[in-house]
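Below is one structure; the comments refer to it alone.
Numbering (this note's numbering), first residue to last: 105 to 455.
Written out as structure tokens, the structure is:
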């Protein structure tokens with residue numbers, strides 16, 4: 105165990121309350137199903153989450169990953185039945201030789217809640233993380249499904265921010281949801297916190313304009329915030345110039361160009377988690393990805409959407425960048441204003 109200070113009793117109470125809703129609503133986990141929590145105790149945030157799960161899963165089995173052999177963990181996974189629940193609370197990320205945790209657990213038909221890289225979010229960031237676990241089905245499911253429907257029927261879109269405009273003169277790929285609604289999905293679960301609808305232009309070369317980047321993922325997978333936003337100049341779906349560029353951001357661009365030849369803009373992410381904003385951040389880029397606003401990916405890699413001319417073996421990078429977002433328009437209709445999505449929730453999908 106590390107010597108980092110524990111989170112407050114109030115923060116742990118909040119974690120327990122939010123996890124209760126996640127378990128009951130998102131996962132519909134009931135008394136008839138077993139639960140296994142594999143965790144470490146290295147950080148205050150990990151310990152707070154484990155306590156939250158103990159309060160909500162009194163009959164679950166808890167295994168301290170640092171106190172057993174890896175094979176003991178694998179053997180325990182094998183005792184579970186489809187639709188049982190596995191929770192992974194990781195200050196870093198657990199390594200089991202040849203066992204890709206979430207993927208292999210899904211193959212067993214198990215539900216999975218994964219908390220990862222918690223050591224990157226010390227102190228107050230841990231409280232932000234806990235706040236991001238709040239599960240409001242009307243917002244996540246209702247607004248999420250409504251946003252997907254609006255994206256799927258759009259012929260074009262625009263992102264406005266800081267005086268820059270990025271235009272998508274193309275319909276979009278069928279949007280994917282990460283909103284805690286697994287009812288129509290093959291697998292139940294994933295990395296938490298959640299909150300995102302994502303897509304990309306069907307015609308990647310129809311993306312043109314400028315976008316101001318206020319945060320990007322650096323080479324250490326950490327949130328990097330330039331003092332002044334970096335302005336990307338995008339032509340035919342590629343970054344052709346960058347203004348106010350920092351050495352760390354230039355390094356990212358240089359690496360992509362070195363290995364892929366050019367810097368494509370692919371994912372268009374509609375982040376939904378209201379706990380994360382431009383001002384309220386955490387250091388782990390994979391967690392901050394859910395922030396309420398727009399993010400893009402730089403690089404040719406996108407495992408969800410196959411595109412002609414993009415070979416998986418050659419596409420190496422998918423770097424998240426978060427753009428200053430004042431407004432988002434789909435077919436001229438404003439769907440984002442004052443830091444929030446403005447589409448009316450689809451209440452039929454919220455329950």
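C-beta: ideal position from N, C-alpha, C; glycine also.
The beta carbons of residue 222 and residue 216 sit no closer together than 7 angstroms. With respect to residue 230, residue 149 sits close: the two C-beta atoms are nearer than 7 angstroms. Considering only 183, 145, 184, the residue with the shortest C-alpha distance to residue 171 is 145. If you ignore the 5 residues before and after residue 122, its C-beta comes within less than 6 angstroms of the C-beta of 237, 238, all in its own chain and listed in chain order. Counting along the chain, no alpha helix (DSSP H) covers residue 394, and no H or E run does either. Here residue 208 carries a helix assignment [DSSP, helix/strand/coil]. Residue 178 and residue 358 have their C-alpha atoms roughly 41 angstroms apart. In the structure shown, the three-state DSSP call for residue 132 is coil. 7 angstroms or more divides the Cβ of residue 389 from the Cβ of residue 429. For residue 312, the enclosing beta strand (DSSP E) starts and ends at 311-321.
With contacts defined by Cβ atoms closer than 7 angstroms, residue 254 and residue 434 form a contacting pair.
The C-alpha of residue 328 lies about 21 angstroms from the C-alpha of residue 344. Of 135, 117, 151, the smallest CA-CA separation from residue 142 is found for 151. Taking each of 130, 443, 362 in turn and checking the Cα distance to residue 282, the smallest one comes out for 130. Going by C-alpha positions, residue 290 is about 17 angstroms away from residue 298. Residue 375 carries a strand assignment under DSSP once its states are collapsed to helix, strand and coil. Listed in chain order, the non-local C-beta contacts of residue 219 below 7 angstroms within the same chain comprise 153, 192, 193, 194, 296, local neighbours out to five positions each way being set aside. In the displayed model, residue 246 falls within a helix according to three-state DSSP. Annotation: the segment 224-280 contains the following complete segments of the beta strand (DSSP E) (minimum length 3 residues), in chain order: 261-265, 268-272.
With contacts defined by Cβ atoms closer than 7 angstroms, residue 161 and residue 184 do not form a contacting pair.
Between residue 250 and residue 117, the C-beta gap is not smaller than 7 angstroms, which leaves the two residues out of contact.
Contact fails between the segment 380-395 and the segment 334-344, because fewer than three Cβ pairs, one in each stretch, are under 8 angstroms apart. Residue 188 and residue 211 have their C-alpha atoms roughly 13 angstroms apart.
One thing to note: residue 432 has its Cβ no nearer than 7 angstroms to the Cβ of residue 317.
The three-state secondary structure of residue 180, taken from DSSP, is helix. In this model, residue 278 and residue 406 are separated by some 14 angstroms (Cα to Cα). Residue environment analysis places residue 112 among the exposed positions, since fewer than 16 neighbouring C-beta atoms fall within 10 angstroms of its C-beta.
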